[in-house]
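Shown next, in structure tokens, is the structure this report addresses.
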Amino acid sequence: FALITVGLFALLAPPSRAADSLISFGSVWKYLDDGSDQGSGWISPSFDDAAWAEGPGQLGYGDGDEATILNSGPAANFFITSYFRHHFNVPNPAAYAVLLLRVRRDDGVVVYLNGQEVYRNNFPEGPVTSATFAFNASDDGNTIFSTNIPTSFLLPGQNVLAAEIHQNQPGSTDISFDLELLGNQENERPTVAI
Numbered sequence: 010f011a012l013i014t015v016g017l018f019a020l021l022a023p024p025s026r027a028a029d030s031l032i033s034f035g036s037v038w039k040y041l042d043d044g045s046d047q048g049s050g051w052i053s054p055s056f057d058d059a060a061w062a063e064g065p066g067q068l069g070y071g072d073g074d075e076a077t078i079l080n081s082g083p084a085a086n087f088f089i090t091s092y093f094r095h096h097f098n099v100p101n102p103a104a105y106a107v108l109l110l111r112v113r114r115d116d117g118v119v120v121y122l123n124g125q126e127v128y129r130n131n132f133p134e135g136p137v138t139s140a141t142f143a144f145n146a147s148d149d150g151n152t153i154f155s156t157n158i159p160t161s162f163l164l165p166g167q168n169v170l171a172a173e174i175h176q177n178q179p180g181s182t183d184i185s186f187d188l189e190l191l192g193n194q195e196n197e198r199p200t201v202a203i
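Its first residue numbered 10, the sequence shown is counted upward by one per residue in our numbering.
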């Protein structure tokens, strides 16, 4: 315990707990890279992704640092959208106070947890289709973008995190995707001693 003195009071702060890795960078993802329009059903936890390919992150093409090389589509008319899904188990969602999402993306990304959008980056507001372009190509997929997600999106037992990566234009020659999801446990309240 750390001792913090405040006036005549001493606060005993409990040691911080390490976050649980619900999904780690380099995890294996189901993916679809055929240029198809998947509509909206693919984000549902009940969607059957058994026929999708799978491979570890980082997934993408064009940069030379990918663990899994995706299909880019025809030269100068590259596929705009690639889809990703990962199943993970959470026995007790109430054990977590907040979720921390960390993602590498090139160019734009939209992320869904159990069918609900929880994050978008470098991407316009409004409805998303397979033809929606990302804003720009300002990142090479190495920057990690982070956000907090309420734990209310978690389900007890099986959960599915889905993501889609979009190019900013058909001539863009690379994409990148990898993601980490951490569950942070709520710390105990500090005790006060006089």
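All residues carry an ideal CB built from backbone N, CA and C; glycine is no exception. Just so we're clear, the structure is a prediction, and the values are computed from it rather than from any experiment.
Under the 10 Å beta carbon count, Q176 is surrounded by 16 or more other beta carbons and is classified as buried. Short of 6 Å from the beta carbon of L122, and not among the five residues preceding or following it, lie these beta carbons of its own chain, in chain order: F162, L170. For I184, the enclosing beta strand (DSSP E) begins and ends at 184-194. Per DSSP, reduced to three states, the secondary structure at W61 is coil, with no helix or strand assignment. The continuous beta strand (DSSP E) containing F154 extends over residues 154-158.
Taking 3 residues as the shortest admissible run, the segment 63-92 contains the following complete beta strand (DSSP E) segments, listed from N- to C-terminal end: 68-70. Counted as a single uninterrupted DSSP element, the beta strand (DSSP E) harbouring L110 occupies residues 105-115. Residue pairing of F97 in beta bridges, as defined by DSSP: N168. The residues Y92, in chain order, have a CB closer than 6 Å to that of Q47 in the same chain once the five nearest residues on each side in sequence are set aside. Contact annotation: L188 and T156 have beta-carbon atoms that are not nearer than 7 Å. For E126, the enclosing beta strand (DSSP E) covers residues 125-130.
Using a C-beta cut-off of 8 Å, the segment 99-110 makes no contact with the segment 53-73, since fewer than three inter-stretch Cβ pairs fall below that distance.
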